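In the working numbering, the protein residues as written are 863 to 987.
Every residue, glycine too, gets a C-beta built ideally from N, C-alpha and C.
Because the structure is a prediction, the values reported are computed rather than measured.
A quick write-up on the structure given underneath.
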């Protein structure tokens, strides 16, 4: 079973179907349907049906598939990978989560103040 990353990752977008994203991610990691099925405890036939969008997996099965493919459930279901998102705000939010609870409370209060300010400005326009 090969779990090495390919040289070029397929472009996964949020306008693809679940099945298409599943197929692209699986193929990009050079994992056969049968291998994936064995890892997540289902049949090759079921993986094929998911990839053809003939049926949708349960949330539990989708989570198992995401874990087996070493990707986020967001990436698999919505085409957005929040775990590997490199946008500045996402990066800062990940850093904030490592701060002490008291600091997080203060940061959230400041954010809420800016949101309220913006809402008021929109109302007054």
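Nearest-angstrom beta carbon gap, residue j and residue i [assumed within contact, 8 Å]
i: residue 898; j: residue 942; result: Wrong, their Cβ atoms sit about 21 Å apart, outside the cutoff.
i: residue 935; j: residue 924; result: 6 Å
i: residue 880; j: residue 939; result: 6 Å
Test: residue i CB closer than 9 Å to a CB of chain D
i: residue 891; result: Here chain D cannot be found, since the structure has a single protein chain.
Cβ shell of residue i (< 6 Å), same chain only, five flanking positions each side left out
i: residue 887; result: 931, 933
i: residue 980; result: none
Cβ-based neighbour list, residue i, same chain, cut-off 7 Å, excluding 5 preceding and 5 following
i: residue 917; result: 911
i: residue 955; result: none
i: residue 902; result: 923, 926, 927, 930
Burial state of residue i, where buried means 16 or more other Cβ atoms lie within 10 Å
i: residue 905; result: exposed
i: residue 891; result: buried
i: residue 919; result: buried
i: residue 983; result: exposed
i: residue 957; result: exposed
i: residue 974; result: exposed
i: residue 909; result: buried
i: residue 893; result: buried
i: residue 896; result: exposed
Contacts around residue i, its chain only, beta-carbon distance under 8 Å, and the 5 residues preceding and following it disregarded
i: residue 959; result: 966
At 4 residues or longer, and completely inside the segment 917-962: list those alpha helix (DSSP H) runs for me, N to C.
Here the runs fully enclosed are 921-930, 935-940, 950-958.
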